[in-house]
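Residues 26 to 423, numbered by the numbering used here, are exactly what the sequence shown covers, in order.
To start, the structure under review is shown below, and the notes come after it.
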Amino acid sequence: MAQPVLGILTLYLNESKVLEERPVYEKMIRAGKRIGISVFVFTPQDVEDRSGKIHAMVYNSDTKKWGRRWVRFPNVVYDRCRIQKSYRFQQLLAFRKRYSHLLFLNRPLRNKWTIYRTLGKVPAFRSHLPITKLYQSSEDVAMLLKKFPTVYLKPINGTGGRGILRIDRRKDGTLLLQGRNHSRKIVQPRHVSRSSLSSALSSWDMHGDRYIVQQGLNIKLPSGRIHDYRMLVQKNGSGSWEVTGCAGRVGPFRSITSNLHGGGEAATMNSLLRQWIGSDETITQIRETAEKFGISVARHLDGAYGALCELALDLAIDRRGKVWLLEVNPKPSREVFKRAGERDVYRKAIVRPIEYALWSYRQKKESRSLKATSNISTDMDQRQLSELIAEYGHASSD
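Written as structure tokens, this is what we have:
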């Protein structure tokens, strides 16, 4: 019997058809081979609508080489496409619309602002969310700065720390502006007066994006470096949400973000919490709270938007041990676990979507089988009913 087929849907990064996560896809293809599901990689550009075929990228795990092959559409699609400001992203949206009947493991999740509002409607989540507003003018920043010593300005669709600005209220009444541009480069910090805030913000390159303004938290380690935590929550081979792992990230000196792409370092969650909190008993409680919270958020977003298979939650933990949700990423990288030395977690993070894909395929197959049986049963009932009516008709005419 033919194996089920999983297609990993991604986007080229440029016209040279460079892929971002090729080494990860190689591991996923090998994992698929072990558990009984064929895996290939493709982009919307590789689809030929007329013939219904895909010029897919295939990896031979024996020769360790990539090649191309014309294939039929897969049974399951795992969407790894991250937002791009390019025609390629528009092709993705068109592909998903045209082929919406396919079995997708996940769907595009909304922007930071929409997710914040969705989660903010749940009383149990509200206290874990930093105060956030949609940025419309410098007044929004000024208002939050009256309440909090630090405020962040973030693009609603940004990833990897791009385009983020941090504003700190100084004791002398001035404001310190620090940030990263859209190439992730650290921008020279500058001091401005409160009266100059509006002109300083208007000169910030927003790259045509909409922004949110968010309450900043005290997450500076004794070394002065920013830190936070990346929790990966995934559906397992039984279709249930589980926390795969949680690792810490420490930003480089003078950085306002901890992202690995921006030069951050990875660490185990416990090692960072020991620096930050100290008590092992408190650390255990924090981890339990964070994991329950992570599962609850994933289940809620899965219910609100449907068809999700994994989420990364960026968490901050304040000095009192309270867990805060900074943002949600629906297309998470797994590298933080590898860099933190958590090899088993890294391997599990790669295999889980493949196991979930196989489970999803079997569920759909079973559902179709039950439906077919139900239809046969209905046809038989209809036939028996027709026979009874015919018989009854003959009996009444005698």
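Even glycine gets a Cβ: it sits at the ideal position worked out from N, Cα and C.
The model shown is predicted, which means the values in this text are computed figures rather than measured ones.
Inter-residue Cα distance where the pair is residue i and residue j
i: Ala27; j: Phe120; result: 26 Å
i: Gln300; j: Gln310; result: 16 Å
i: Arg279; j: Tyr50; result: 34 Å
i: Tyr112; j: Ile302; result: 47 Å
i: Leu222; j: Ser125; result: 46 Å
i: Leu170; j: Gly289; result: 27 Å
i: Lys146; j: Lys158; result: 14 Å
i: Thr184; j: Trp138; result: 14 Å
i: Leu383; j: Asn100; result: 10 Å
i: Leu118; j: Pro69; result: 9 Å
i: Asp104; j: Thr314; result: 30 Å
i: Val275; j: Ser220; result: 33 Å
i: Arg215; j: Ala225; result: 10 Å
Supposed close pair residue i, residue j - CB separation, criterion 8 Å
i: Asn243; j: Asp339; result: Asn243 to Asp339, Cβ: 16 Å. No contact.
i: Tyr141; j: Leu178; result: Rounded, the Cβ-Cβ distance is 14 Å, inconsistent with contact.
i: Gly32; j: Ile379; result: With a Cβ gap of about 12 Å, Gly32 and Ile379 do not count as contacting.
i: Gly186; j: His232; result: With a Cβ gap of about 14 Å, Gly186 and His232 do not count as contacting.
i: Asp234; j: Pro155; result: About 19 Å; that fails the 8 Å criterion.
i: Gln203; j: Arg195; result: That belief does not hold up - the Cβ atoms of Gln203 and Arg195 are roughly 12 Å apart, past 8 Å.
i: Leu257; j: Gly273; result: With a Cβ gap of about 13 Å, Leu257 and Gly273 do not count as contacting.
i: Lys260; j: Tyr381; result: 5 Å
i: Ala341; j: Asp197; result: In fact, because the Cβ distance is near 27 Å, the residues do not count as touching under 8 Å.
i: Phe318; j: His153; result: 6 Å
i: His286; j: Arg205; result: Not confirmed; about 10 Å, so no contact.
7 Å CB neighbourhood of residue i in its chain, flanking five on each side removed
i: Lys389; result: Leu128
i: Glu45; result: Leu38
i: Ser218; result: Thr199
i: Phe173; result: Gln240, Gly241
Pick from the options that is closest to residue i, judged by C-alpha positions
i: Arg47; options: Asn354, Ser223, Glu360; result: Glu360
i: Tyr330; options: Ser125, Lys52, Thr143; result: Thr143
i: Ile211; options: Arg94, Arg75, Ser283, Ile108; result: Ser283
i: Gln116; options: Val64, Thr35, Arg59, Ala323; result: Thr35
i: Arg377; options: Ala291, Glu391, Arg393, Ser263; result: Ser263
i: Asn295; options: Ser304, Val348, Arg151, Lys90; result: Ser304
i: Val102; options: Phe67, Val83, Trp138, Asn206; result: Phe67
i: His80; options: Ile308, Arg94, Arg387; result: Arg94
i: Arg123; options: Val268, Asp74, Pro247, Lys356; result: Asp74
i: Val64; options: Val96, Arg255, Asp369, Val370; result: Val96
i: Phe98; options: Glu306, Asp104, Gly77, Ile108; result: Gly77
i: Lys90; options: Arg345, Ile60, Ile54; result: Ile54
i: Arg250; options: Trp266, Asp230, Val238, Pro277; result: Pro277
i: Ile60; options: Thr88, Ile320, Ser394, Pro29; result: Pro29
6 Å Cβ shell around residue i - same chain, five flanking residues per side excluded
i: Thr175; result: Asp193, Gly241
i: Arg132; result: Ala332
i: Thr293; result: Ala365
i: Lys52; result: Ile375
i: Asn85; result: none
i: Phe114; result: none
i: Asn182; result: Ile108, Asn136
i: His207; result: Arg187, Gly188, His232
i: Val83; result: Phe65, Gly92, Arg94
Residue i - DSSP class collapsed to helix/strand/coil
i: Tyr386; result: helix
i: His216; result: strand
i: Arg224; result: The residue asked about is misnamed: residue 224 is Ser in this sequence, not Arg. It is helical.
i: Ala149; result: helix
i: His286; result: helix
i: Thr314; result: helix
i: Asn39; result: coil
i: Ser63; result: strand
i: Asp327; result: helix
i: Glu416; result: Any answer about Glu416 is weak, because its pLDDT of 47 lies below 50 and its placement is not dependable; what the coordinates show is given next. Three-state result, Glu416: helix.
i: Asp343; result: coil
i: Lys89; result: coil
i: Tyr177; result: strand
i: Ser402; result: With a pLDDT of 45 at Ser402, under the threshold of 50, the modelled position of that residue is not reliable, and no figure is offered here.
i: Gln239; result: strand
i: Leu34; result: strand
i: Ala27; result: coil
Cutoff 8 Å; reference residue i; Cβ partners in own chain excluding five residues on either side
i: Ser227; result: Ser163
i: Leu326; result: Leu134, Ile140, Thr143, Leu144, Leu333, Leu336, Val353
i: Ile425; result: No answer is possible for residue 425: the residues shown for the chain start at 26 and end at 423.
i: Glu367; result: Gly270, Ala272, Thr293
i: Asp71; result: Ile79, His80, Ala81, Met82
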